[in-house]
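Inspection log for the structure reproduced underneath, given as structure tokens.
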Amino acid sequence: MGRLGRTLEVSPGPALIVNRMGQAEWARDLARDLLEEPLPRRWAHSQGVAARAETLAPILGPEVDLLIASAWLHDIGYAPDLVDTGLHALDGARYLRDVHAADEVLCRLVAYHSCAVYEATERGLIDALTTEFDQERPELVKALIYCDMTTSPDGLPLDVVDRLAEIHSRYGPEHLVSRSIRNATPCITSAVHAVRTALVSGS
Numbered sequence: 790m791g792r793l794g795r796t797l798e799v800s801p802g803p804a805l806i807v808n809r810m811g812q813a814e815w816a817r818d819l820a821r822d823l824l825e826e827p828l829p830r831r832w833a834h835s836q837g838v839a840a841r842a843e844t845l846a847p848i849l850g851p852e853v854d855l856l857i858a859s860a861w862l863h864d865i866g867y868a869p870d871l872v873d874t875g876l877h878a879l880d881g882a883r884y885l886r887d888v889h890a891a892d893e894v895l896c897r898l899v900a901y902h903s904c905a906v907y908e909a910t911e912r913g914l915i916d917a918l919t920t921e922f923d924q925e926r927p928e929l930v931k932a933l934i935y936c937d938m939t940t941s942p943d944g945l946p947l948d949v950v951d952r953l954a955e956i957h958s959r960y961g962p963e964h965l966v967s968r969s970i971r972n973a974t975p976c977i978t979s980a981v982h983a984v985r986t987a988l989v990s991g992s
């Protein structure tokens with residue numbers, strides 16, 4: 790499970806390019822196609838998250854390519870053509886699964902990124918999320934949380950406390966996203982702390 794070479798097992802199509810290039814490169818190109826023009830700031834954020842993911846190679850080893858791919862793709866559910874439920878994590882993961890037959894681990898990472906269960910609960914979509922996608926291994930989940938939640942909307946490094954404050958400021962205190970983030974804060978901050986500790990210890 791999660792081997793980088795196991796990306797496609799179905800019929801031919803555009804996604805067969807994954808077999809000819811690294812998974813991270815494929816993910817980058819797909820994210821660019823979906824985000825760069827309609828959502829340039831979201832694209833800038835995704836570039837920053839992917840750059841952050843590259844720094845975790847010392848603690849993830851060969852699996853860092855999978856993390857980088859998920860970093861590129863984590864916010865594709867915001868793309869106008871992909872919006873369906875309003876839960877971008879679920880919409881993005883469904884697109885990867887249904888259109889590109891993407892790696893199951895990659896789909897799960899996108900589906901649950903940055904403690905998405907809390908927003909899924911707020912939106913009444915928790916059953917759909919948990920029925921369609923299993924949880925992924927904690928080390929990869931925490932790594933993606935770290936990358937997302939220490940990167941600003943413009944793709945710059947940002948402390949997690951400032952990142953959370955920025956989200957609340959952008960959406961307003963009573964917005965569904967702000968409520969979700971408040972509930973998810975312990976999950977987010979503990980993941981960031983765990984990754985920082987692993988980076989310091991080198992394991």
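Residue numbering for the sequence shown follows the numbering used here, beginning at 790 and increasing consecutively. Note that the Cβ used here is the ideal one computed from N, Cα and C, for glycine as well.
* **Arg985 to Asp822 span [Cα, whole Å]** => 32 Å
* Asked: Mind checking whether Ala858 and Val838 have CB atoms under 7 Å apart?
  -> no
* Asked: Of the residues Glu852, Asp854, Arg883 and Val949, which one's Cα is nearest the Cα of Pro866?
  -> In the sequence on display, residue 866 carries Gly and not Pro. That would be Arg883, whose Cα lies nearest to the Cα of Gly866.
* To do: Indicate whether Leu871 and Asp880 have their beta-carbon atoms separated by less than 7 Å.
  => yes
* Cα-Cα separation, Ser979 to Ala820 -> 28 Å
* Asked: How about Val899 and Leu862: are their beta carbons less than 7 Å apart?
  -> yes
* Per-residue DSSP class, three states only, for Ile857 -> helix
* **Assumed close pair Pro942, Arg830 - CB separation to whole angstroms, cut-off 8 Å** => 6 Å
* Closest by CA to Pro975, which one among Glu963, Glu921, Arg912 and Lys931? -> Lys931
* Asked: Between Arg952 and the rest of its own chain, which residues show a CB-CB distance below 6 Å, the 5 nearest in sequence each way excluded?
  -> Met938
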